[in-house]
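Quick notes on the structure that follows.
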Amino acid sequence: MAKHSDTMGWRESTANYGQLDRSEARERDLATRYRHIRSHMDVTQALERLGGIENAGFQDLLAQLADIGVIIGADAVLPRDMARRSDRFGLTLVLAGSGPLIWLNLLKHDSVAGLVDTVVHEAVHSTIRHLGRLPRTPEPDEAIASYGEEVVALAGANLILRKIKFSARREIARNMIALANCKTVLGQLGCSEGFLRDRIAEAEVAASFLTDFGIDVAAPTLEAIQSRVGRK
5 MAKHSDTMGW RESTANYGQL DRSEARERDL ATRYRHIRSH MDVTQALERL GGIENAGFQD
65 LLAQLADIGV IIGADAVLPR DMARRSDRFG LTLVLAGSGP LIWLNLLKHD SVAGLVDTVV
125 HEAVHSTIRH LGRLPRTPEP DEAIASYGEE VVALAGANLI LRKIKFSARR EIARNMIALA
185 NCKTVLGQLG CSEGFLRDRI AEAEVAASFL TDFGIDVAAP TLEAIQSRVG RK
């Protein structure tokens, strides 16, 4: 019996070390990618382009991002034809101990509304550590975590676009379609309605945090938002 317990303990210890090794490897890969992208993007170009967008709420959002240490930069490497063919409009990297990084593929955007939609979408992603949306288990299902965070970003982007009164009906409609697709996938992966409600609640937290300008208070807690959603 003692031998069995020792064996089980060894297996559990090995599994824990395996999880730790994978986590450390991911962090190392993320750090390498972060440094590479940070050294190959143009912050000045991005801020000049975004600074010329005439919407007071959007400019306040940019100031809010700067206040929490988010770094926004434009791609400075891809040739025009490759940038246009790329699938990515933007990308967010969040690394412990460093400011969240938002990379923008400016050449991919044909309209101001599309660019603003990308920025607010990535802005929501950038709050994942600040607002405590990191995975809550040692080894989460990566597909569920990824689609769940995308629900937060899509719903949060639409809330922000409406709150800052930016004319982006086409972008909002596209976000709604993408949001419905994410919900369908999560349902197929076995996620409950409660899981989806929590992600929408987190979208409200992020949208409020990024658009409650000039109010020197902490962001609303998830529990407070969930309580409010439950009363609707």
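The sequence shown begins at 5 in this note's numbering and counts up one residue at a time. Note that beta-carbon positions come from the ideal geometry of N, C-alpha and C, so glycine has one too. Computed from a predicted model, the values in this text were never measured in an experiment.
- The way I'd put it, the region 80-93 doesn't touch the region 132-139; fewer than three beta-carbon pairs between them come closer than 8 Å.
- Taking a cut-off of 8 Å for Cβ pairs, the region 170-187 and the region 101-120 touch, as three or more such pairs fall below it.
- For D145, there is no enclosing beta strand (DSSP E), as DSSP marks it with neither H nor E.
- Using a C-beta cut-off of 8 Å, the region 54-69 makes no contact with the region 27-41, since fewer than three inter-stretch Cβ pairs fall below that distance.
- Each of H129, A149, I181, V124 was checked against the Cα of C195, and the nearest Cα belongs to A149.
- The Cβ neighbour count for E154, taken over all protein chains shown within 10 Å, is at least 16; the residue is labelled buried.
- The beta carbon of A157 lies closer than 7 Å to those of H125, V128, H129 in the same chain, with the five residues before and after it left out.
- Under the three-state reduction of DSSP, L65 is assigned to helix.
- Out of P104, A100, V98, A78, the CA that lies nearest to the CA of R92 is found in A78.
- The three-state secondary structure of I57, taken from DSSP, is coil.
- L108 sits close to T122, with the two beta carbons spaced by under 8 Å.
- With a 10 Å radius around the Cβ and a threshold of 16 neighbouring Cβ atoms, A147 comes out exposed.
- When beta bridges are read from the DSSP output, A210 appears opposite no residue.
- If you draw a straight line from the Cα of V189 to the Cα of G198, it comes to about 15 Å.
- In the assembly as shown, E206 is a buried residue. Its beta-carbon has 16 or more other beta-carbons within 10 Å.
- With contacts defined by Cβ atoms closer than 8 Å, G101 and I75 do not form a contacting pair.
- For A117, the uninterrupted alpha helix (DSSP H) run begins and ends at 116-130, by DSSP.
- L99 sits close to A35, with the two beta carbons spaced by under 8 Å.
- Of the other Cβ atoms in all chains shown, fewer than 16 fall within 10 Å of the Cβ of V47; this residue is therefore exposed.
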